[in-house]
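> Chains as they are written, first to last, in our numbering: chain A, 1 to 267; chain B, 1001 to 1267; chain C, 2001 to 2267; chain D, 3001 to 3267.
Ideal placement from N, C-alpha and C gives every residue a C-beta, glycine not left out.
None of these values were measured; they are calculated from a predicted model.
Got a structure for you, written out below as structure tokens; questions coming shortly.
There are 4 protein chains.
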Amino acid sequence: MVVETQEERPAIMEKLHRVGITNLKTVARINWKGRTYTFIPTFEITIDVPAEKKGIHMSRLIESITETMSEAVEEEVMRAHTSLEELEKCIIMRLERKHPHKRAEVWIRTSLILERETPASRRRSLESYDVEVGVIKHEDGRFEKVLRVTVVGNTACPHAMANNQGKTHIQRAVATLEVRTAFDEEIALEDMIDVVESSFSSPTYTLLKTIDENAVVQGMYRNPKFVEDVAREIIHKARERFAGKLHVRVISNESIHKHDVIAETWS
Amino acid sequence: MVVETQEERPAIMEKLHRVGITNLKTVARINWKGRTYTFIPTFEITIDVPAEKKGIHMSRLIESITETMSEAVEEEVMRAHTSLEELEKCIIMRLERKHPHKRAEVWIRTSLILERETPASRRRSLESYDVEVGVIKHEDGRFEKVLRVTVVGNTACPHAMANNQGKTHIQRAVATLEVRTAFDEEIALEDMIDVVESSFSSPTYTLLKTIDENAVVQGMYRNPKFVEDVAREIIHKARERFAGKLHVRVISNESIHKHDVIAETWS
Amino acid sequence: MVVETQEERPAIMEKLHRVGITNLKTVARINWKGRTYTFIPTFEITIDVPAEKKGIHMSRLIESITETMSEAVEEEVMRAHTSLEELEKCIIMRLERKHPHKRAEVWIRTSLILERETPASRRRSLESYDVEVGVIKHEDGRFEKVLRVTVVGNTACPHAMANNQGKTHIQRAVATLEVRTAFDEEIALEDMIDVVESSFSSPTYTLLKTIDENAVVQGMYRNPKFVEDVAREIIHKARERFAGKLHVRVISNESIHKHDVIAETWS
Amino acid sequence: MVVETQEERPAIMEKLHRVGITNLKTVARINWKGRTYTFIPTFEITIDVPAEKKGIHMSRLIESITETMSEAVEEEVMRAHTSLEELEKCIIMRLERKHPHKRAEVWIRTSLILERETPASRRRSLESYDVEVGVIKHEDGRFEKVLRVTVVGNTACPHAMANNQGKTHIQRAVATLEVRTAFDEEIALEDMIDVVESSFSSPTYTLLKTIDENAVVQGMYRNPKFVEDVAREIIHKARERFAGKLHVRVISNESIHKHDVIAETWS
Chain A
1 MVVETQEERP AIMEKLHRVG ITNLKTVARI NWKGRTYTFI PTFEITIDVP AEKKGIHMSR
61 LIESITETMS EAVEEEVMRA HTSLEELEKC IIMRLERKHP HKRAEVWIRT SLILERETPA
121 SRRRSLESYD VEVGVIKHED GRFEKVLRVT VVGNTACPHA MANNQGKTHI QRAVATLEVR
181 TAFDEEIALE DMIDVVESSF SSPTYTLLKT IDENAVVQGM YRNPKFVEDV AREIIHKARE
241 RFAGKLHVRV ISNESIHKHD VIAETWS
Chain B
1001 MVVETQEERP AIMEKLHRVG ITNLKTVARI NWKGRTYTFI PTFEITIDVP AEKKGIHMSR
1061 LIESITETMS EAVEEEVMRA HTSLEELEKC IIMRLERKHP HKRAEVWIRT SLILERETPA
1121 SRRRSLESYD VEVGVIKHED GRFEKVLRVT VVGNTACPHA MANNQGKTHI QRAVATLEVR
1181 TAFDEEIALE DMIDVVESSF SSPTYTLLKT IDENAVVQGM YRNPKFVEDV AREIIHKARE
1241 RFAGKLHVRV ISNESIHKHD VIAETWS
Chain C
2001 MVVETQEERP AIMEKLHRVG ITNLKTVARI NWKGRTYTFI PTFEITIDVP AEKKGIHMSR
2061 LIESITETMS EAVEEEVMRA HTSLEELEKC IIMRLERKHP HKRAEVWIRT SLILERETPA
2121 SRRRSLESYD VEVGVIKHED GRFEKVLRVT VVGNTACPHA MANNQGKTHI QRAVATLEVR
2181 TAFDEEIALE DMIDVVESSF SSPTYTLLKT IDENAVVQGM YRNPKFVEDV AREIIHKARE
2241 RFAGKLHVRV ISNESIHKHD VIAETWS
Chain D
3001 MVVETQEERP AIMEKLHRVG ITNLKTVARI NWKGRTYTFI PTFEITIDVP AEKKGIHMSR
3061 LIESITETMS EAVEEEVMRA HTSLEELEKC IIMRLERKHP HKRAEVWIRT SLILERETPA
3121 SRRRSLESYD VEVGVIKHED GRFEKVLRVT VVGNTACPHA MANNQGKTHI QRAVATLEVR
3181 TAFDEEIALE DMIDVVESSF SSPTYTLLKT IDENAVVQGM YRNPKFVEDV AREIIHKARE
3241 RFAGKLHVRV ISNESIHKHD VIAETWS
């Protein structure tokens, strides 16, 4: 006989908006252009709890995740999980049959590796990007999604350049673009990455032969930018391409300071 | 002749909400109950930039911080910096004379060490807490503040206890309480810490002799709590004591799982 | 005409032991039991530099990694990369043809997901483990490897149990086992994980239905252990199963304290 | 009646080299040039455990730390704690009277803020450095210490400069110097910081007015360095000034790549 403490009335009656599991590393599988990809993201999954229930059944959240990815549903993977947000919606659909709730969220953090061509030798370079995708089922049944990409680029300071006969300080910079929008809005993470990557003084590459390195160096000097300029260019381009609420945050790891500089904006 | 690139018109005209400096570690000094305390927090300081200015003068933000804490203003420290938010307001005041802006924010992250008494041997134990305080000057001139405390406690699972004749799983848990309120609202970080620390299955202590350890262990078994219970108790107590918008987040580092569980709510 | 600054004589002539690339995230592929697995680990790859050369050609290190994993060598993947250390040795072999050096190291950090069976309901639970593998080619041509696994388990304090009529404090604990040995020594990461995971008060599981949770709880109380006991059991079992130098480190995230306790030993 | 489980014979008899407390944040106080400084470092303190004892009494380690810093010993602070290593030795001395052991270690991690003068405007700039100091009492009674400083500087690539008519990529770099030596060897952390900070393409500053920024930028271009050059200069200077075993590690956060480059050496 199992006591279901979760179903009891709590001493303090307060509705909770987000209760669940976080920092869970497990296997996920999506069908991307006809091929199954397996990766190991970090999950967060939460539901709301009404004021009169003491707690939730955490294991049912785990089951919603693992069953969605299991061998038994290989067919569903091929059919349904064509993006991180489709995968997350499938998890919420499965959770609906397992645990009563009004509001649910699933978040996935992972890395994407994309193929780029180096600027001069035209070699193939594999580049990594941190991405985070969340799907929120609201109390009114509406599905919303949040897409976040983080890209490593650089800034070459225009102020120092103007004051030092073309010499300047240059540094690595990291920018994050977030789009919050309706679930059905079609937005590719790859397109968001393009918007961010093309807004720095130069993109960065994993592989650079000397002629490529020269091209990147020349590009940075032709294209000096404050962290403010990078933020402006990202939000400007994003607004033209993506419908939704936007948030941009650029951090520049200044080479002349021990601290970072930041530019952040939203719309 | 210095070129002031920051004053130029940018290629893309977008207002930016937050531009400045982050991850700056420097010395700060406050006068707490008549004595000057020196510590090394991490600062973030930002202002807005209008659409028609290319950038901000970052060094003036640094000067606002360092001058506010300098020897030259020792008197001001004794008189004015009686809390982290007073210190931050002084930085914004100084910044107003240095750099035009409509909106400004200063954030400080640091640790507090408070003295506690152990539960049985009544010894003195020094406990550490992470705190973060932000002051925001809005475009209408209104000052708002955000106070955050993070406390390490524990949870003893009531569900496992009910199903295992009083045995259960216990683990470290970490809770954060945030209050967002008017600048003049008097709220002590120590009181916020009390609210959080008293909401776990038991508080934790740095020093525990065997009789103290016994008292803590007995306390945890008398007081089993889900992460949901901890979140409810914190927000319930906080609402009674602090005027403002509240946000509570509790993470329990489950001893039976590799992942964490989370309860989050706000009002 | 490219200037090869790396080949110049440096101002200060000092031999350097380890020069190269770190924190590189890219795709890796291994053939595990006849099937190709793709994952995204973090790489570090270094070589030594003699006193009379200014620097190394970093891009050749990148090429050694990416070519080893490229489509063109799919056959090599199927044949040769049957473990992380085989993959790393292939990278060093490729590097030998690209860049002169006497000593080389390749390190890979990644996560492994293994299938476990829950203790009572006998369900399938996927568990994640952090692993790190390094291969070192020494100046005498000898290949050495370093294998590290990090496992999340728990400790139930025997001292509190003896003083509280069977009640005690319990917490998450994290243990790392390192084996440093000859390259040809056959040691499976899975076996190292088994040694560590079986040495806690109980293993932890991602999925636990109530009857499983009960089994884990009962197991922890039957099996109280200090962090010292966990360290001893790991090194004792490891010595019986694995030939090589051993290092064990156990950190227990105490539920009654804000700090951690540690036990570390080696042989 | 307290059961002292720690004194029991363990099931597995293995000597353990390091057992104790880690990640403890508490108050420390030293007397530096006649003035008492208070700060909040992170401590690790460990002792060895013989094969025939089950565990150690953790609370006595805590007491050794807190009593060493307590108000009651204000006089001792003024007399004895003139450096981090003196403070740590006082903790070990106190521990000797509390808990039998043969070998003990105390480690402190904290930040130092030092005053610098900016290169052109000659203003005062406060700079932060991460430092870590360990004192080890060996089984033969000999005291050894380990001093580590971490400094943020930069590198301007000489290879790109030679191939791009004086243009190059520049980035933040972080270097750590470790000296392991006899306890009585007099080595100031400030001197170690000087050795590291003067070995980059340029030092970095918190406050830089435009004329200072120009001086730093010009300095970086006059002084291009590979990460290899920085490592060589540090170990070369350190060998001339400090008696002991040296370890140098330089990480450059490349502005043209997403990964870092590393140079490491020791003697």
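Which stretch, first to last residue, makes up the beta strand (DSSP E) that contains arginine 3116 of chain D?
By 1-based counting over the fourth sequence, the position of residue 3116 of chain D is 116. It spans 3104-3117 - the beta strand (DSSP E) in which arginine 3116 of chain D sits, taken as one unbroken run.
> Following the continuous beta strand (DSSP E) through alanine 2173 of chain C, name the residue where it begins and the one where it ends.
By one-based count along the third sequence, residue 2173 of chain C stands at place 173. It spans 2170-2182 - the beta strand (DSSP E) in which alanine 2173 of chain C sits, taken as one unbroken run.
> Could you tell me whether any Cβ in chain A is nearer than 9 Å to the Cβ of glutamate 3254 of chain D?
For this step, residue 3254 of chain D is matched to residue 254 along the fourth sequence. Yes - at least one Cβ of chain A is within 9 Å of the one on glutamate 3254 of chain D.
> How far does the alpha helix (DSSP H) with alanine 3238 of chain D in it extend, from its first residue to its last?
Walking along the fourth sequence from the start, residue 3238 of chain D turns up at place 238. First-last of the alpha helix (DSSP H) with alanine 3238 of chain D: 3227-3241.
> Just verifying my parser: in three-state terms, what is the DSSP assignment at lysine 3089 of chain D?
Start at 1 with the first residue of the fourth sequence, and residue 3089 of chain D comes out as number 89. Of the three classes helix, strand and coil, the one that applies to lysine 3089 of chain D here is helix, per DSSP.
> Does any residue of chain C bring its CB to less than 9 Å from the CB of tyrosine 1221 of chain B?
Position 221 of the second sequence, counting from 1, holds the residue named residue 1221 of chain B. Interface residue, yes.
> I want to verify the contact list: residues of chain A whose CB lies under 7 Å from the CB of glutamate 1264 of chain B, in sequence order.
For the purposes of this step, residue 1264 of chain B is taken as the residue at position 264 of the second sequence. The answer, in chain order, is His17 and Arg18.
> Hey, out of A:Val19, A:Val3, A:Pro10 and A:Ile12, whose CA is closest to serine 1252 of chain B's CA?
In the second sequence, the residue the question calls residue 1252 of chain B occupies position 252. Measuring from the Cα of serine 1252 of chain B, the nearest candidate turns out to be A:Val19.
> Count the CB pairs spanning the region 14-29 of chain A and the region 49-68 of chain A that are closer than 8 Å, and state whether there are at least three.
Yes: the two stretches touch, three or more of their Cβ pairs being nearer than 8 Å.
> Kindly provide the ranges of any beta strand (DSSP E) runs that are 3 or more residues long and lie completely inside the region 1026-1091 of chain B, ordered along the chain.
Counting whole runs of 3 or more residues, the region 1026-1091 of chain B contains the beta strand (DSSP E) stretches 1028-1032, 1035-1039 and 1042-1049.
> For a contact defined as C-beta to C-beta under 7 Å, what are the partners of lysine 1209 of chain B on chain C?
Within the second sequence, the letter at position 209 stands for residue 1209 of chain B. Correct list: empty, because the minimum Cβ distance to chain C is about 11 Å.
> Within 9 Å (strictly less), CB to CB, does glutamate 2063 of chain C reach chain A?
In the third sequence, residue 2063 of chain C corresponds to position 63, counting from 1. It does; some Cβ of chain A falls within 9 Å.
> Compare the beta carbon distance of threonine 3036 of chain D and isoleucine 3030 of chain D with 9 Å and say whether it is the shorter of the two.
Against the fourth sequence, residue 3036 of chain D aligns to sequence position 36. Against the fourth sequence, residue 3030 of chain D aligns to sequence position 30. Contact: yes.
> Express the C-alpha separation of threonine 2265 of chain C and alanine 3104 of chain D in angstroms, rounding to a whole number.
Reading the fourth sequence from its first residue, position 104 is the one you call residue 3104 of chain D. Reading the third sequence from its first residue, position 265 is the one you call residue 2265 of chain C. Going from the Cα of alanine 3104 of chain D to the Cα of threonine 2265 of chain C covers about 13 Å.
> Applying the 10 Å Cβ sphere with the 16-neighbour rule, what's the burial state of serine 267 of chain A?
Looking up residue 267 of chain A in the first sequence gives position 267. It counts as exposed.
> Does the Cβ of proline 41 of chain A have 16 or more other Cβ atoms within 10 Å, making it buried, or fewer, making it exposed?
By one-based count along the first sequence, residue 41 of chain A stands at place 41. Buried, by the Cβ-count rule.
> Would you call the region 2170-2178 of chain C and the region 2195-2202 of chain C in contact, with 3 or more CB pairs under 8 Å?
Segments in contact, yes.
> With a cut-off of 9 Å, does the C-beta of serine 3128 of chain D fall near any C-beta of chain A?
The sequence position of residue 3128 of chain D within the fourth sequence is 128, counting from 1. Closer than 9 Å to some Cβ of chain A, the Cβ of serine 3128 of chain D qualifies, so yes.
> Could you tell me whether the Cβ of glutamate 3233 of chain D comes closer than 9 Å to any Cβ of chain A?
Here residue 3233 of chain D refers to the residue found at position 233 of the fourth sequence. Output row for glutamate 3233 of chain D: interface = no.
> According to the neighbour-count rule (16 or more other Cβ atoms, all chains shown, within 10 Å of its Cβ), is glycine 184 of chain A buried or exposed?
By one-based count along the first sequence, residue 184 of chain A stands at place 184. Reading the sequence as shown, one finds aspartate at residue 184 of chain A and not glycine. Exposed.
> Is there a C-beta anywhere in chain D that falls below 9 Å from the one on methionine 2192 of chain C?
What you label residue 2192 of chain C is simply residue 192 of the third sequence in a count that begins at 1. Chain D contact via Cβ: absent.
> Which bits of chain A does glutamate 3228 of chain D rub up against, with CB to CB less than 7 Å?
Your numbering for residue 3228 of chain D matches position 228 in the fourth sequence. Those within 7 Å of glutamate 3228 of chain D in chain A number zero; the least Cβ separation is about 16 Å.
> Are the C-beta atoms of glutamine 3171 of chain D and some chain A residue less than 9 Å apart?
The sequence position of residue 3171 of chain D within the fourth sequence is 171, counting from 1. With 9 Å as the cut-off, glutamine 3171 of chain D counts as an interface residue toward chain A.
> Within 10 Å of its beta-carbon, does leucine 1159 of chain B have 16 or more other beta-carbons around it, so buried, or fewer, so exposed?
Here residue 1159 of chain B refers to the residue found at position 159 when the second sequence is read from its first residue. Just to set this straight, residue 1159 of chain B is histidine in the shown sequence, not leucine. So histidine 1159 of chain B ends up on the buried side.
> So leucine 1246 of chain B is in the beta strand (DSSP E); what residue range does that whole segment cover?
The sequence position of residue 1246 of chain B within the second sequence is 246, counting from 1. Residues 1245-1252.
> Taking only beta-carbon positions, decide if glutamine 6 of chain A is within less than 9 Å of chain D.
Mapped onto the first sequence, residue 6 of chain A falls at position 6. Not closer than 9 Å to any Cβ of chain D, the Cβ of glutamine 6 of chain A fails to qualify, so no.
> I'd like to know whether the C-beta of histidine 138 of chain A is nearer than 9 Å to at least one C-beta of chain D.
Translated into positions along the first sequence, residue 138 of chain A becomes position 138. For histidine 138 of chain A, the answer is no, since every Cβ of chain D falls outside 9 Å of its Cβ.
> Count the C-beta pairs between the region 3111-3128 of chain D and the region 3206-3214 of chain D that are closer than 8 Å, then say yes if the count reaches three, no if not.
Contact between the region 3111-3128 of chain D and the region 3206-3214 of chain D is present, because at least three Cβ pairs lie under 8 Å.
> Using a Cβ-Cβ cutoff of less than 6 Å, which residues in the same chain neighbour leucine 3089 of chain D once the five nearest sequence positions on both sides are dropped?
Here residue 3089 of chain D refers to the residue found at position 89 when the fourth sequence is read from its first residue. Inspection of the sequence shows that residue 3089 of chain D is occupied by lysine rather than by leucine. Contacts found: Val3135.
> Between the alpha carbons of leucine 1114 of chain B and leucine 1189 of chain B, how many angstroms are there, rounded?
Here the question's residue 1114 of chain B lines up with position 114 in the second sequence. Here the question's residue 1189 of chain B lines up with position 189 in the second sequence. Roughly 11 Å between the two C-alpha positions.
> Going by the CB atoms, is the gap between glutamate 1213 of chain B and asparagine 2223 of chain C shorter than 9 Å?
Counting from 1 along the third sequence, the entry for residue 2223 of chain C is found at position 223. Counting from 1 along the second sequence, the entry for residue 1213 of chain B is found at position 213. Contact: no.
> Could you pull out every residue in the same chain whose Cβ sits closer than 7 Å to the Cβ of isoleucine 2256 of chain C, ignoring the five residues on either side in sequence?
The residue labelled residue 2256 of chain C in the question sits at position 256 within the third sequence. Correct list, in chain order: His2169.
> Apart from the five residues just before and just after threonine 68 of chain A, which ones in its own chain have a Cβ nearer than 6 Å to its Cβ?
Position 68 of the first sequence, counted from the first residue, corresponds to residue 68 of chain A. Cys90, Ile91 and Arg94, listed in sequence order.
> What residue does the beta strand (DSSP E) around aspartate 3194 of chain D start on, and which one ends it?
The residue you call residue 3194 of chain D lines up with position 194 of the fourth sequence. First-last for aspartate 3194 of chain D: 3189-3197, but that is the alpha helix (DSSP H), not the beta strand (DSSP E).
> Can you tell me the Cβ-Cβ gap for valine 2230 of chain C and threonine 2118 of chain C, rounded? I've got them flagged as a contact below 8 Å.
What you label residue 2230 of chain C is simply residue 230 of the third sequence in a count that begins at 1. What you label residue 2118 of chain C is simply residue 118 of the third sequence in a count that begins at 1. That pair is no contact at about 22 Å.
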